[in-house]
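Heads up, the sequence shown is in UniProt numbering, so the first residue is 1 and it goes up one at a time.
Ideal Cβ placement from N, Cα and C applies to all residues, glycine included.
Structure first, then comments.
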Amino acid sequence: MSEEVDRHILEHYDIKKRIGKGAYGIVWKAIDRRNGEICALKKIFDAFRNTTDAQRTYREVFFLTKFSSHQNIVRLLNVVRADNHRDLYLLFEYMDTDLHQAIRAGILAEIHRAYIMYQLMNATSYLHSGNVIHRDYKPSNVLLNAECFVKVADFGLARSLIQIPPSQSGSHGNTVDTNSEPLMTEYVATRWYRAPEILLSSNKYTKGVDMWSLGCILAEMMTHKPLFSGSSSLNMISLISSALPPPTPSDVTSLQSPYAQSTLEHSRSKQKRPLCDMLPDSCPPAVDLVEQLMRWSPDKRLSALHALSHSYLSRFYDGDELIDIQTDILPDITDDVILSVSEYRDRLYSDIKLANQDRIEKRVKTEESTHSLRATPPLRNFTNVQDKTEDPLFAIKSTPVLLRGSYSPRTVTKVPPPPPAGKPSIFPKQLLSPGAGIRHSDSQLALQAKNQSYGVISRTDMKQLFKKPF
């Protein structure tokens, strides 16, 4: 594992500083020498070291390329192989920090929390409309910039809910039957943000796993600490049981877990501290949204689409701006097919080569057809939109690398509306560092994430992937 950057990368990118490092990779802040654009350069060490890592690498790149056109999903700019053919470079748009650091800094006002949650619901509704679940929502996977724009990152555990062949599917669209597909037993999500059915080794996953995690994130923004910080899956179930009303028989059945009945009976206790009492009462709509997201039964949790109309988020929501993929997203290599490490690597490299050739051909044709192209507008910020210095309705996205697969996106996406005037930025001019008592004139520096990952450089130990939770 080398922290050195390959020469062919340095020819195109000026490395400024390291912004993240983990067991599986390293991230630098860099500047594209060709256009001066600031970007995040991620080097994944030995991206194809085994079948599990190879599949996850392929999956992350595939889903990022399919969803990068959405304004609330981090944009993958390019994928470049390393000279040693083992490591892999991913180029992302640059973001100032992540939600974990913003929560730790304690600078999020109520308007920021609501706007962040609105954007997360917007992104999630988009994913779910393509029958894809993220499965790893947590604050460190939610990237932020100084204008409070949200970008969801890390799609290494994302999965399509559509089974191929259909005869092996437990159901269609909203659920995947893990009896017919053992790979769905993967170790998903950081423990503190896992839904009860995952903690209980459920036989089926639904979109509800993402909704539970979003409820945990909103609660953490409100309390400045994780809602349930259990030390094990069993301890997590115990903590959840003490906060939620006892599950009904139908709730237990809906968890679709062979462990549910016995484990919940073992953990059953009276509510020691109801969920509503664990949250500050300064914003009742936020408390209500958390309660509607964090329910035992996945079917009873509020969907992302309905959450957008909730009273806590409705001030930002305009139904006309909703983006529906209108098709199911499926990788060319479906999850019921396991390839060798070399096959995953060769397939990814082949797809990247074809995608880059296609981009070059399209660019040449475009340049030949016109000499006056309209420049892609920069990412909109609250000040420009409020001052009406630019059209706030539409964003023309530059085209990222695209891989093969089933996809039918809309070509124009609408930008979410800005929050009300008066709170244009999550970075005040002077920020008091929590616990340090030192004022920083550069608030972005004070909030800079200490270990930005842009995804999977800090992956869960792969030995834990198929480990039973109890």
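Would you list the one or two residues that DSSP bridges to Cys-283? Bridge partners of Cys-283: none, in fact.
Do you know how far the Cα of Thr-57 is from the Cα of Ala-40? 17 Å
Alpha carbon to alpha carbon, how far is Ala-307 from Leu-289? Give it in angstroms, no decimals. 8 Å
Tell me which residue opens and which closes the beta strand (DSSP E) that Leu-90 is part of. 88-93
Ignoring anything shorter than 3 residues, give me the beta strand (DSSP E) runs that lie fully in the region 196-275, in order along the chain. 204-206
Reducing DSSP to helix, strand and coil, say where Ser-140 ends up. helix
To the nearest angstrom, how far is the alpha carbon of Tyr-13 from that of Thr-65? 21 Å
Do you know offhand how far Glu-220's Cα is from Ser-303's? 20 Å
Where Val-290 sits in the DSSP three-state scheme: helix
Can you tell me whether Pro-139 is buried or exposed, with buried defined as 16 or more other CB within 10 angstroms of its CB? buried
Could you work out which residue in Tyr-89, Pro-280, Thr-223 is closest to residue 472 when comparing CA atoms only? Absent from the model: residue 472. The displayed extent of the chain is 1 to 470, so no value can be given.
Any Cβ of chain C within less than 7 Å of the Cβ of Tyr-193? Protein chain content of the structure displayed is limited to a single chain, and chain C is not contained in it.
For Val-337, is the classification buried or exposed, using 16 other Cβ atoms within 10 angstroms of its Cβ as the cut-off for buried? exposed
Would you kindly work out how many angstroms separate the C-alpha atoms of Phe-228 and Ile-133, rounded to a whole number? 22 Å
Taking the alpha carbon of Val-80 as the point to measure from, which residue in Met-294, His-70, Lys-353, Asn-141 has its own alpha carbon closest? Lys-353
Secondary structure of Leu-432, DSSP reduced to three states: Low per-residue confidence applies at Leu-432: pLDDT is 28, beneath 50, and the placement is therefore not dependable, though the value from the model is reported in the following sentence. Strand, per DSSP.
What three-state label does DSSP hand Ile-133 in the structure shown? strand
How is Asn-35 classed by DSSP in three states: helix, strand or coil? coil
Beta-carbon proximity check, Gly-25 vs Lys-43, cutoff 7 Å: yes
Under a Cβ-count criterion, where at least 16 other Cβ atoms within 10 Å of its own Cβ denotes burial, should His-70 be classed as buried or exposed? buried
6 Å Cβ shell around Arg-7 - same chain, five flanking residues per side excluded: none
Cutting at 7 Å between CB atoms, please list the residues of its own chain near Asn-72, excluding the five before and the five after it. Gln-119, Asn-122, Ala-123, Val-150, Lys-151, Val-152
Cutting at 7 Å between CB atoms, please list the residues of its own chain near Ser-309, excluding the five before and the five after it. Tyr-317
Near Arg-18, what residues of its chain come up, given a Cβ to Cβ distance below 6 Å and the 5 sequence neighbours on each side ignored? Trp-28
Counting only runs of 3+ residues fully inside the region 288-360, write out the beta strand (DSSP E) ranges in chain order. none
CB of Leu-88 within 7 Å of CB of Val-142, strictly: no
For Leu-305, which residues from the same chain have a beta carbon less than 7 Å from its beta carbon, with the 5 sequence-adjacent residues on both sides left out? Ser-125
With respect to the alpha helix (DSSP H) encompassing Leu-64, which residues constitute its N-terminal and C-terminal limits? 51-67
Beta strand (DSSP E) containing Arg-81: first to last residue? 76-81
Of the residues Met-117, Gly-215, Pro-249, which one's Cα is nearest the Cα of Ile-240? Gly-215
Terminal residues of the alpha helix (DSSP H) in which Ile-107 lies: Ile-107 -> no alpha helix (DSSP H), and no H or E assigned at all.
With DSSP collapsed to three states, give me the class of Gly-170. With a pLDDT of 35 at Gly-170, under the threshold of 50, the predicted position of this residue should be treated as unreliable, though the coordinate-derived value follows. In the structure shown, Gly-170 sits in coil (DSSP, three-state: anything other than H, G, I, E or B).
Measuring straight from C-alpha to C-alpha, what distance separates Ile-9 and Glu-3? 13 Å
Among the candidates Leu-127, Arg-194, Pro-280, Ala-82, whose CA atom is the shortest distance from the CA of Glu-110? Pro-280
For the alpha helix (DSSP H) holding Arg-7, just list the boundary residues, first then last. 7-10
Indicate the three-state DSSP secondary structure (helix, strand or coil) for Leu-120 in the structure shown. helix
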